[in-house]
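Asker: Chains as they are written, first to last, in my numbering: chain A, 1 to 197; chain B, 198 to 347.
The beta-carbon is built from N, C-alpha and C at its ideal position, and this holds for glycine as well.
Pasting in a structure now, in structure tokens, and then I'll have a few things to ask.
In structure tokens, the structure reads:
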């Protein structure tokens, strides 16, 4: 008897990169949340590529966008976990001191996808144009924006247990950018040779 | 070896903070991408990248070795390392599906990962719902965001 699957996505009880953050750092938590819900965040990245993949013209594009989108979802889980670890067991006094009373009022210590200023995640942070070159250019820009965002976070962090996973995530953006660029250049070449698109 | 205040190895600082090694960050690695060299499993996860031609160090930050404590964490780290290299090979193969050498490594790592996951399931409980145990242990084990977060 074969196994029946009712779902498409499967959760793996394992983060893409080990996190072990022991030092509470509410200020960093307040900033890092932007990589979940900000314009360069992992959630937007994932949804962007999951949307763009439908308009890719060949196997390379469909698979690359689908697989990077899936990876980004794991990074979203990593960011949420980082914020959770950085805020765990914080007292109300400590939250106030870090300027988090607004977030505490709205969300307690819950994880909510927003940017560093508390603005909620919005699909308006990305577009889906139905045009291969427009979409892929946006995907490349998205990776660069996320790289810049991680660099700003690294500049402000002091705990190596926090800096190392941020370095990991920054490097992923560089790899993704290069893969998108390779795909973009491949399509451009195909197009110039009159082969497709 | 020098360490800075955060415990990172100091390497020679760039005169310019924005010396971005544009060939990597700007995506000029295209020519070098076929038959690339790869890092070993540990270094790949540590650096967040399997392919040396795409690695770009940020300022003087050299990613540290990942340290784990318990037997469970050790076992899980080995799976994470394999999973990571498989994922990075996956992206590479999406763009270069005809690189047989890369696919051979992909297959080797995938088999090894499968074996390690079976062992992990037996000893510490399932990582995915695919892996079966005598009793229902899916919901009872440690979730990734709990405890040490591994």
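Residue 104 of chain A to residue 87 of chain A, Cα distance in whole Å?
Answerer: Each residue's Cα considered, the two are about 11 angstroms apart.
Asker: At the level of alpha carbons, what is the spacing between residue 242 of chain B and residue 282 of chain B?
Answerer: Those two C-alpha atoms are separated by around 7 angstroms.
Asker: Do we get a CB-CB distance below 7 angstroms when we pair residue 229 of chain A with the residues of chain B?
Answerer: An answer regarding residue 229 of chain A cannot be provided, because it is not within the stretch 1 to 197 covered by chain A.
Asker: If we call anything under 7 angstroms between Cβ atoms a contact, is residue 253 of chain B one with residue 174 of chain A?
Answerer: Contact flag set, yes.
Asker: So, helix, strand or coil for residue 122 of chain A, using DSSP?
Answerer: Reduced to three states, the DSSP call for residue 122 of chain A is coil.
Asker: For residue 282 of chain B, name the three-state secondary structure that DSSP assigns.
Answerer: Of the three classes helix, strand and coil, the one that applies to residue 282 of chain B here is helix, per DSSP.
Asker: Determine the closest residue to residue 82 of chain A out of A:101, A:123, A:110, with distance taken between C-alpha atoms.
Answerer: Closest option to residue 82 of chain A, Cα to Cα, is A:110.
Asker: In the DSSP assignment, find the alpha helix (DSSP H) that holds residue 145 of chain A and state where it starts and stops.
Answerer: Counting along the chain, the alpha helix (DSSP H) containing residue 145 of chain A begins and ends at 132-156.
Asker: Could you tell me which residues DSSP pairs with residue 114 of chain A in its beta bridges?
Answerer: For residue 114 of chain A, which the question treats as bridged, DSSP gives the partners A:120.
Asker: Does DSSP put residue 229 of chain B in a helix, a strand or coil?
Answerer: Low per-residue confidence applies at residue 229 of chain B: pLDDT is 44, beneath 50, and the placement is therefore not dependable, though the value from the model is reported in the following sentence. Helix, per DSSP.
Asker: Apart from the five residues just before and just after residue 150 of chain A, which ones in its own chain have a Cβ nearer than 6 angstroms to its Cβ?
Answerer: Excluding residues within five positions, the ones whose Cβ falls inside 6 angstroms are 166, 169, 170.
Asker: Please classify residue 15 of chain A as buried or exposed, where buried requires at least 16 other C-beta atoms within 10 Å of its C-beta.
Answerer: Residue 15 of chain A comes out buried.
Asker: Strictly below 8 angstroms CB to CB, what residues from chain B border residue 35 of chain A?
Answerer: Simply none; closest approach about 14 angstroms.
Asker: By how many angstroms is the C-alpha of residue 342 of chain B removed from the C-alpha of residue 264 of chain B?
Answerer: Using only the alpha carbons, I get a separation of about 17 angstroms.
Asker: Using beta carbons (cut-off 7 angstroms, strictly below), is residue 330 of chain B in contact with chain A?
Answerer: It does not: the Cβ of residue 330 of chain B has no partner Cβ on chain A nearer than 7 angstroms.
Asker: Quick check on this structure: which residue in A:13, A:155, A:157 has the alpha carbon closest to the alpha carbon of residue 276 of chain B?
Answerer: Minimum Cα distance to residue 276 of chain B is reached at A:13.
Asker: Using a Cβ cut-off of 7 angstroms (strictly closer), state whether residue 303 of chain B contacts chain A.
Answerer: No, no contact with chain A.
Asker: Which one of B:308, B:322, B:239, B:309 has the shortest CA to CA distance from residue 353 of chain B?
Answerer: Residue 353 of chain B is absent from the structure shown; chain B starts at 198 and stops at 347.
Asker: Alpha carbon to alpha carbon, what distance is there between residue 55 of chain A and residue 49 of chain A?
Answerer: If you take the alpha carbons of residue 49 of chain A and residue 55 of chain A, they lie about 10 angstroms apart.
Asker: What do you reckon, are the CB atoms on residue 35 of chain A and residue 44 of chain A nearer than 7 angstroms?
Answerer: No, the Cβ-Cβ distance between residue 35 of chain A and residue 44 of chain A is not below 7 angstroms.
Asker: Looking at the C-beta of residue 292 of chain B, does it have a partner C-beta in chain A at a distance below 7 angstroms?
Answerer: It does; some Cβ of chain A falls within 7 angstroms.
Asker: So with CB distances below 7 angstroms, who are the chain B contacts of residue 193 of chain A?
Answerer: Ordered by position in chain B, no residue passes the 7 angstroms Cβ test against residue 193 of chain A, which lies about 17 angstroms from the chain.
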